[in-house]
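The listed protein sequences derive, respectively, from chains A and B.
Whatever position you read off the first sequence (first residue = 1), add 139 for the working numbering.
Whatever position you read off the second sequence (first residue = 1), add 139 for the working numbering.
Protein chains: 2
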Amino acid sequence: MGQKYVYYFGADGTEGNAQMRGLLGGKGANLAEMSNLGISVPPGFTVTTEVCMEYFRLGRKMPQGLWEEVRANMNRVEEEMGARFGDPENPLLFSVRSGARVSMPGMMDTVLNIGLNDHTIQGLIKKSDNQRFAYDAYRRFVTMFGDVALGVEHSLFEELLEKKKEELGVKNDTELDAQALQDIVVQFINLVKEKTGKPFPEDPMEQLSMGINAVFNSWNTPRAVTYRRLHSLPDDIGTGVNVQSMVFGNMGDNSGSGVVFTRDPATGVKKLYGEFLINAQGEDVVAGIRTPEEIANLKEYMPDIYRQIDSIGDNLEKHYRDVQDMEFTIQDGKLYILQTRTGARTAAAAVRIAVDMVNEGLIDRREAVTRVQPEQINHLLFPTVDPDADLEVIAKGLAASPGAAVGKVVFNAEKTEELAAEKEKVILVRTETSAEDIGGMNASQGILTTRGGITSHAAVVARGMGKCCVVGCEEIKVNEERGEFTARGKVVVNEGDHITINGTTGEVILGQVNLVRPELSGKFAILMKWADEIRTLKVRANADNPHDAEVARDFGAEGIGLCRTEHMFFGGRIKAMREMILSDTTEGRKRALEKLLPMQRGDFKEIFIVMQDLPITIRLLDPPLHEFLPQGKNEQQELATEMGMSLEEMKAKVENLREANPMLGHRGCRLGITYPEIYEMQARAIFEAACELVNEGFTVIPEVMIPLVGHVNELRFTRELVNRVAEEVMAEKKVNVKYLVGTMIELPRAALTADKVAEEAEFFSFGTNDLTQMTYGLSRDDAGKFLPYYVEKGFLQNDPFVTIDPDGVGTMMRIGVEKGRMTKKDLKIGICGEHGGDPKSVELCYQLGLDYVSCSPYRVPVARLAAAHAGLKDAAGILRE
Amino acid sequence: MGQKYVYYFGADGTEGNAQMRGLLGGKGANLAEMSNLGISVPPGFTVTTEVCMEYFRLGRKMPQGLWEEVRANMNRVEEEMGARFGDPENPLLFSVRSGARVSMPGMMDTVLNIGLNDHTIQGLIKKSDNQRFAYDAYRRFVTMFGDVALGVEHSLFEELLEKKKEELGVKNDTELDAQALQDIVVQFINLVKEKTGKPFPEDPMEQLSMGINAVFNSWNTPRAVTYRRLHSLPDDIGTGVNVQSMVFGNMGDNSGSGVVFTRDPATGVKKLYGEFLINAQGEDVVAGIRTPEEIANLKEYMPDIYRQIDSIGDNLEKHYRDVQDMEFTIQDGKLYILQTRTGARTAAAAVRIAVDMVNEGLIDRREAVTRVQPEQINHLLFPTVDPDADLEVIAKGLAASPGAAVGKVVFNAEKTEELAAEKEKVILVRTETSAEDIGGMNASQGILTTRGGITSHAAVVARGMGKCCVVGCEEIKVNEERGEFTARGKVVVNEGDHITINGTTGEVILGQVNLVRPELSGKFAILMKWADEIRTLKVRANADNPHDAEVARDFGAEGIGLCRTEHMFFGGRIKAMREMILSDTTEGRKRALEKLLPMQRGDFKEIFIVMQDLPITIRLLDPPLHEFLPQGKNEQQELATEMGMSLEEMKAKVENLREANPMLGHRGCRLGITYPEIYEMQARAIFEAACELVNEGFTVIPEVMIPLVGHVNELRFTRELVNRVAEEVMAEKKVNVKYLVGTMIELPRAALTADKVAEEAEFFSFGTNDLTQMTYGLSRDDAGKFLPYYVEKGFLQNDPFVTIDPDGVGTMMRIGVEKGRMTKKDLKIGICGEHGGDPKSVELCYQLGLDYVSCSPYRVPVARLAAAHAGLKDAAGILRE
């Protein structure tokens, strides 16, 4: 094979570049790229990924000719560094690191300080004038090499180290002096001999060769194989091996190490940001034993080096057209850049940097939009805990809905509503919430529950309301009778006490903490405008009251994609609703529905007025009727008295409506078919509201949505019902309203027979929550016992209730879209439900050719940005298949 | 248009034949066919179905030239009958009947006695010498014609008739004398004039023309259109119109009417079977006012006519190669065959006739197999109530599992087991049953419940056991404390009293009724052998104990397709099972599982021995754990004491396991993944049993089935677990057992990702019960509130839990089969669950290319026959697409 195995990088003729990721791996390509830019990186060479695959083909043997190339490149490094590998006087040391085309963080092996032995250690001591440093380097080398290249378990080295510390009565490694470390090196070397039956390899060339092999071998360790399987990465791309000269920042006061960002990663302001230590290695900067200094101070110690860093940063930023996060080492007055990478940043900084860079001419608007991750901006939309505040965290639960909230603890929904009416700020604390708590949840500043996961009722509703929420906080025990809760068994908080909850971290904090308000105008608005110019997928919001509708409009929603009507039946309306449910006759139900009609008509009018000229998808009653009945004995007794029934009759009624699997029960259009008077009332309320407003000069675009359709016959019946009522009302009101009737696609059967369903539908809206439940056979309420385990152990890559499962649910949706548009080419198709605000799911919706996504109002900006990203990825041809 | 509109039939040159169903409709083609055979049918003619469509194209007008053809054919009839249409002396009368290519029973209109008016009635009186008969015919004519051709509501005629009867103080129409009928005719004619504003048409030709139009019009009535939609019949095939001369069997003692079968429809014995009346019309034979005589007696009255009938029957049977059910009329010594059709017959007769006809050389074996409907033979497999017994039916419920059973009433499962152990025959009577009742159900003769539908627990389990069962018998109220039940609020039955239940009709009968045992050898066995020679689809049974396995083998099962393991954990094992569930640690669970291991191993051994050399698919634990815990307070207290827990702890445990939607909860392989020790124990039990038996010289073919797989990762994990345990056990026992590991496909996601799932599966088995629940989003336990309504109102054509929904669930299965075999071309695929014994579902499975169906042991013969039918239909090219 005449191919080239090894690529050099350094001042003296770099052979690779950034485009060669496939051949050199990510790290190798980047080192080459920096060298090409004239930046001083410690010189070295990369053994290609092709060699890795050849190595395995040959049965874990290096291909012929490789070693010669390695030696030749090593000599070039020696020349450039003015030191020699294995030289006891002036030893050159190498690091050996993996580097595949795709980063597999922590999965593969590294060995540092290759080249150390009992001879070269003397040279290192001399060069560094630091015996302790040298022996520390040595013992680290023996540990790493022993573990990685010789298969001696890491824990055995640790044990010896611990024993030594015990002997000396010290706690930290740093307290071990040079002598102790030297002793340890001897023990380590003996350990290796004992375990492997062979002496520790002293020959630096043998060390290097074994180090390279070890990195190759780490490509096929079980954990690496599993990682690739979980991330759908191919097995045959192999890893490169980067052999790079070691440099040391702890060679005296003319040396040092640091980390620097080209812009402030917290604010995005353009100035060098970072820290450094004189006479220290890079790891000391982050270890926190010595306090590093701000990078600005480097100007005083080494003005020239500072200028170099500033200039390199500038060049790298221009080259990579993004903020750089650089690690540097100064060895004996010479600056080496060890690594540069795109700088991580806060959401606020990301927005500012993206907009600034457009203004600086570094990137265009399309690129700016890609620079801010949709998930990130979620943090910008909510108040947050003041980062400078002192916090007394008393418990931690699951972060269910972002933002922070401060208020008085209250344990029930009614009281929350009462206090909120008196302008009190309240945190509603409950074991778990149910539909009856909606009013209180809405009136609260935030919600804290002790049970349930991030898809529990409390979490879902809170996200919909954009309300801060912490759930499943099992460290808290609520004692409602005593009016208190206990955190971690010690802190007792009484009703009325102030707490602060952080829905972004899950923290529960004692007292009132200062909150920071979000900033949504300025550069944020500019960036969102650019995103809107790019995207084609429309974004609507889920809202069922005027307040949410207003928030949705403010956040840029282009309509309401899901207006649930069941929330409208709680609060003051619950009585009439219960009367309806408890009636045994159609007549009785109709009487109760007549009471609900004007209320519901009023609800619709308010929302229509807020959203006017934008479409509003109204879903007719969906949940099973038993959700509206009280479950507790006292409440049942109360209601029974009110209704003139005996408690026994009431219980029998409730029992009769009980369902083994309510998710799969008598709900959705099944209710509308068996009790058509309910949907008739709802349709009447919609069209009376619409007609009255149109007569007043408003524009109203209602889209009536039928839930839980499984068979076209169900849709045909309910659609005919809605059309009939619409015509009646329009005739009564002498006005015409344009409207659509469509259906949720939330049952697998609806998707599978979408060609037939589309005959009766003027639009589809995927209800991906239920579709996921049915496709997986997975109840959101019950998944807590195994779903977190599944995600943690990699059975599932994502929680399918957070991100649409592309293989299962996504395939179902694809079938639904294809069959639906087979019947109606231009069928309008959207998605409503939690997934509509998840960026990966938005991307999938774009790929499936949907017209819009709908999500909670507070997720609308996220969805807008995600939709723009999907469009940009598509244009770039990088949407996953 | 030069086409022919009208086809004549009669002695004088019949123009059609049986092949012309499309053009002449079914009835017309049959009349022509009989005429061709030289059988004397009342002559007449058929207006083609094409004319019908032309009629509608012309805007409900007869095409030009039709009337001329009608007149010409009418003249031929007059010639043949020696009477004239409209002749006051010797009037010919016509019937006008519809007849489409496909029978649409009761959907379209008929008019009899066309040609009557105030003149021709005199001729009819003279000819019949029976004034009452003539006026009765007249008033029937006016009623039918008024209703069908003139649109006067039928009820208006009825009202006048009732009034007349009141006037005369009589109850039945038959008590009206000639004078009264004559008065009524006058009233009817006046009614028509009043309602239509025109005189009743007197002109026979006008009557005929209007009658033909009326039959055409009935093709497009809403009920006919709905019928076609529901039965997927095309709208554009139209109906023919048959105009046939009327003959009368009540013209004196030389006339008569009767009905005759060519073989005994109850037993299948070859002899004329039927009855007749002298001087009577056909309707009198069935009306029951005069008692008809046995057909054999006709030999004495009219020996020649009897011989003619015998000979015609023989000819028709040979011609149609099937039993004929003929209606005949003798008018004045002349025999007319009015109709012949395939004779309905009992299951027993069907089997005998099919086998006899092969022996007679009339049909071949393949045809014989098609002559017995799979559903029919179900009745042959169970004891039945003696048809001659006097029954005191005290209540009626839903027929849930066929057959009949006699026994003493007992209200709980334990007592049932006790009494059964003493050889008592017991009927278990409960409000509803649960998993805890399995032992008692098995020990009983039959089961009666007062709640639940035909897919309730009791029904499903009883069918699985082949045990007679009546469910949802709401006419019975059980009072367990008093040890009695009350039927229809009056009959009180005490525990220990005998009752008989009929699972084929749903009847509950007081006392001990004589039962008739089924006959499964002889001709039944011959027919089943022929079916087996034809079919390619294999049939297995669902069985989880040696008794069921034995029944399955006896009924011809070719293996066990579903051996549930959860039933094995009840009875004596429930204690250890509960101990396992209540343990908080893996260790505790393992200890409890160790107790279960030998029991489960024993279970498997017994089944392996019964089924040896046939494959056995064993499903690992599927239901959620809470199903094994007691729900009542007393039982919880008892268990708590036993386990050394407090009642509160016990309640908390039970509460903790409670699920909102157990169907979608922590069950199936989700249990096996979170508690791998459970599946490990089960795998160990299977392979220990298998290895021990193989060492004893048996052949054992275990197929381990993983339930509720949604993602291939779940199957990979559990399969590796099973393989590991299998290898361990085989190494311990020093023997090799061939086995497979496969999965249920019961979640939509498994079907949608079947290509991936197949990578880890050695077989698939569709769990169509759950697959239907998920695809429809429909809980079998909760569907009672709307599913019956859906089926009744035509929203769904079939109950999807009885017959696989071909469009939804069938499509899901097709995807599963195609994707699965994309990965593994020869993947073995079956179906287990209730549908496996439903003939239409068996046909679907055949179409989908499945290898086998599995059903309850008692349905195996049904499935075998259905599988043969599917193969025959396929060969004939008549499987529906």
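Beta carbons are placed, not taken as given, at the ideal position from N, Cα and C, and that holds for glycine.
Predicted, not measured: the structure shown is a model, and the values here were computed from it.
Here's a check: name, in chain order, each residue in its chain whose Cβ is nearer than 6 Å to the Cβ of residue i, leaving out the five neighbours to either side.
i: A1005 of chain A; result: P513, P978, V981
i: Y991 of chain B; result: K677, R679, G969
i: E422 of chain B; result: none
So that I know if they touch, is there some Cβ in chain A lying closer than 9 Å to that of residue i?
i: R950 of chain B; result: Arg is not the amino acid found at residue 950 of chain B; the sequence shown has Thr there. Yes, contact with chain A.
i: D921 of chain B; result: yes
i: F940 of chain B; result: no
i: F747 of chain B; result: no
i: L1050 of chain B; result: Residue 1050 of chain B cannot be examined here, being either before or after the span of chain B that is shown, 140 to 1020.
i: G933 of chain B; result: yes
For residue i, would you say it is in contact with chain B, using Cβ-to-Cβ distances shorter than 9 Å as the test?
i: D944 of chain A; result: yes
Following the continuous beta strand (DSSP E) through residue i, name the residue where it begins and the one where it ends.
i: K332 of chain A; result: Counting along the chain, K332 of chain A falls outside any beta strand (DSSP E), though it belongs to the alpha helix (DSSP H) covering 317-335.
i: I648 of chain B; result: 646-649
i: E234 of chain B; result: The sequence as given places Ser at residue 234 of chain B; Glu does not occur at that position. Its beta strand (DSSP E) spans residues 233-239.
i: A538 of chain B; result: 537-540
Rounding to the nearest angstrom, what Cα-Cα distance links residue i and residue j in this structure?
i: V180 of chain A; j: Q478 of chain A; result: 8 Å
i: V497 of chain B; j: G177 of chain B; result: 26 Å
i: M883 of chain A; j: C971 of chain A; result: 9 Å
i: L369 of chain A; j: M707 of chain A; result: 44 Å
i: I699 of chain A; j: E899 of chain A; result: 22 Å
i: V843 of chain B; j: P737 of chain B; result: 18 Å
i: R196 of chain B; j: E189 of chain B; result: 11 Å
Looking only at its own chain, which residues have a Cβ that is under 8 Å from the Cβ of residue i, when we skip the five neighbours before and after it?
i: V309 of chain B; result: L315
i: L860 of chain A; result: G811, P815, Y818, E819, A822
Provide the residue span of the alpha helix (DSSP H) that contains residue i, from first to last.
i: T857 of chain A; result: 851-872
i: C808 of chain B; result: 808-813
i: C994 of chain B; result: Looking at the DSSP string, C994 of chain B is not in any alpha helix (DSSP H); the run it does join, the beta strand (DSSP E), is 991-994.
i: M344 of chain B; result: 343-356
i: L519 of chain A; result: Per DSSP, L519 of chain A belongs to no alpha helix (DSSP H) and is neither H nor E.
Can you list, in chain order, the residues of its chain with a C-beta nearer than 7 Å to that of residue i? Leave out the 5 residues immediately preceding and following it.
i: E456 of chain A; result: T401, V462, Q463
i: T914 of chain A; result: P887, G947, V948, M951
Would the C-beta of residue i count as close to the ligand NAP, meaning under 8 Å from any of its heavy atoms?
i: D894 of chain A; result: As far as ligands go, the structure on display features none, and thus does not contain the ligand NAP.
Given a limit of 8 Å on CB to CB distance, which residues of the region 782-804 of chain A reach chain B?
-> Residues E798, A799, N800, P801, M802, L803, G804.
Which residues, in chain order, does the region 869-891 of chain B contribute to contact with chain A at a C-beta distance below 7 Å?
-> For the region 869-891 of chain B, which is checked against every Cβ of chain A, the residues closer than 7 Å are L886, P887, R888, L891.
Contact list for the region 846-857 of chain B against chain A, Cβ threshold 8 Å = Listed in sequence order: L847, G849, H850, N852, E853, F856.
Chain-ordered residues of the region 807-818 of chain B with a beta carbon less than 9 Å from chain A | So the close ones are G807, R809, L810, I812, T813.
Using a Cβ-Cβ cut-off of less than 8 Å, give me the residues of the region 903-919 of chain A that come near chain B, in sequence order.
-> From the region 903-919 of chain A, only D909, Q912, M913, T914, Y915, G916, L917, S918 have a Cβ closer than 8 Å to chain B.
Give the residues from the region 351-369 of chain B that approach chain A closer than 9 Å (Cβ to any Cβ), ordered along the chain.
-> Listed in chain order, the positions of the region 351-369 of chain B with a beta carbon within less than 9 Å of a beta carbon of chain A would be empty, since no residue qualifies.
Chain-ordered residues of the region 609-637 of chain A with a beta carbon less than 9 Å from chain B | For the region 609-637 of chain A, there are no residues whose beta carbon sits under 9 Å from a beta carbon of chain B.
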